[in-house]
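Reading through the structure tokens given below for one structure.
Numbering (our numbering), first residue to last: 293 to 430.
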């Protein structure tokens, strides 16, 4: 699992399934449930540690199968599937003038953030990301 997590640590799983579409994900879940094996649903593998002994069961990684983001302008909310990167979700929220994802402005890959209209004047806002040179990797 070390190659599947951002911490690059951890033992092996009995089986890793990485569906490429919603239909493949549905099939993987049905087959895994029918097998009776233990399973764990993993998004992008961020902020998770797998013990050195690994996982005795099936890991189903959803990062490719669940990439959807939908914005409900009337209710001012956004639904984000588990395969979407946090920086992408934060950028989408900012582009759609939705507050609540400001904390992610420092996430790798973030380019800029501006004040949201729903933030009252004078309220603290997320700090701007540090300046980076064109050659510096994100």
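Think of the CB as a built atom: it goes at the ideal place given N, C-alpha and C, for glycine as much as any other residue.
Spatial neighbours of residue i within its chain, please: C-beta separation below 6 Å, excluding the five flanking residues on both sides.
{"i": "residue 303", "result": "344, 345 and 346"}
{"i": "residue 297", "result": "337 and 340"}
{"i": "residue 318", "result": "none"}
{"i": "residue 314", "result": "357"}
{"i": "residue 329", "result": "349 and 350"}
{"i": "residue 307", "result": "350"}
{"i": "residue 372", "result": "361 and 381"}
On the premise that residue j lies in contact with residue i, defined as a C-beta separation below 8 Å, what is that separation, rounded to the nearest angstrom?
{"i": "residue 349", "j": "residue 375", "result": "Incorrect: roughly 20 Å between the Cβ atoms, too far for contact."}
{"i": "residue 379", "j": "residue 396", "result": "6 Å"}
{"i": "residue 361", "j": "residue 370", "result": "6 Å"}
{"i": "residue 293", "j": "residue 342", "result": "4 Å"}
Take the Cβ of residue i as the centre, count every other Cβ of all protein chains shown within 10 Å, and call the residue buried at 16 or more, exposed below.
{"i": "residue 312", "result": "exposed"}
{"i": "residue 386", "result": "buried"}
{"i": "residue 365", "result": "exposed"}
{"i": "residue 389", "result": "exposed"}
{"i": "residue 301", "result": "exposed"}
{"i": "residue 326", "result": "exposed"}
Return the bridge partner residues of residue i from the DSSP annotation.
{"i": "residue 332", "result": "351"}
{"i": "residue 369", "result": "364"}
{"i": "residue 309", "result": "352"}
Under 8 Å Cβ to Cβ from residue i, same chain only, skipping five residues before and after it: list those, please.
{"i": "residue 309", "result": "320, 324, 350, 351, 352 and 353"}
{"i": "residue 406", "result": "With a pLDDT of 37 at residue 406, under the threshold of 50, the modelled position of this residue cannot be trusted, and the question is left open."}
Could you name the residues of the same chain whose beta carbon sits closer than 7 Å to that of residue i, not counting the 5 residues immediately before and after it, in chain order?
{"i": "residue 299", "result": "341"}
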